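Take the sequence shown: its letters are residues 1 to 117, numbered as in UniProt numbering.
The beta carbon of each residue, even a glycine, is placed where N, CA and C say it ideally should be.
It should be emphasised that the depicted structure is a prediction, and the values quoted were computed from it without experimental measurement.
Structure record follows, encoded as structure tokens.
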Amino acid sequence: MEDTTKTWGIRGISADVRQAVITQSQKQGMKAGEWLTLAILEKIRQDRNAGKALVASNGKPAVSAEDASAVLALLERLQGMGIEPPEHMKKQATMLVRKCMTSLRKGTSARQEPGIV
């Protein structure tokens with residue numbers, strides 16, 4: 001008996017999704033349970049890795065050049081509108097740029113993944 005003739009179910013899984021699992025598993029020459037297990041494990045791996053950022057060797061998150069650039073652009077826009085940014089904001093921007101430069105020198109800068117803002 002093939003997986004296509006067996007009935008299986010998990011609460012909340014519709015018939016069309018079950019059929020898609022069967023179809024995909026057959027395309028890959030696997031049993032439906034094996035394919036579903038791999039699909040679930042892959043989803044878990046992707047979810048775990050989605051929130052991870054590259055970190056510097058000291059365990060602190062590395063500063064990306066994009067972040068530093070965005071902060072500097074914000075300060076420039078404020079000044080362009082005639083608004084003088086507060087001193088603490090200027091100091092924080094300077095620290096961010098320095099951290100970014102240090103990270104770049106050490107080769108530990110964070111790289112943004114495509115699609116992440």
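Please report how far the alpha carbon of Val55 lies from the alpha carbon of Gly80, in whole angstroms.
-> Looking up residue 55 in the sequence shown gives position 55. Looking up residue 80 in the sequence shown gives position 80. For Val55, the predicted structure reports a pLDDT of 49, less than 50, and the residue's modelled location is therefore unreliable. A value from the coordinates is still provided. Cα-Cα distance, rounded: 34 Å.
Taking just the CA atoms, how far does Lys31 sit from Ile22?
-> Here residue 22 refers to the residue found at position 22 of the sequence shown. Here residue 31 refers to the residue found at position 31 of the sequence shown. Taking the straight line joining both Cα atoms gives about 8 Å.
Cβ of Val21 less than 7 Å from any chain B Cβ?
-> Among the chains of the structure shown, chain B does not appear; only one protein chain is present.
Local Cβ density within 10 Å of Ala14, reported as buried at 16 or more and exposed below that = In the sequence shown, residue 14 corresponds to position 14, counting from 1. Residue identity check: residue 14 is Ser in the sequence provided, not Ala. It counts as exposed.
Leaving out five residues on either side along the sequence, give the residues of the same chain with a beta carbon under 6 Å from the beta carbon of Pro85.
-> Along the sequence shown, one-based indexing puts residue 85 at 85. Result list for Pro85: Leu75 and Leu78, in chain order.
When burial is assigned at 16 or more other CB atoms within 10 Å of the CB, is Ser25 buried or exposed?
-> In the sequence shown, counting from the first residue as 1, residue 25 sits at position 25. So Ser25 counts as buried.
From this set, Val71, Trp35 and Lys99, which residue's C-alpha is nearest Lys90's C-alpha?
-> In the sequence shown, counting from the first residue as 1, residue 90 sits at position 90. Taking only the C-alpha atoms, the option nearest Lys90 is Val71.
Secondary structure at Glu84, three-state DSSP: helix, strand or coil?
-> Stepping through the sequence shown from its first residue, residue 84 is reached at position 84. Note: Glu84 maps to coil in three-state DSSP.
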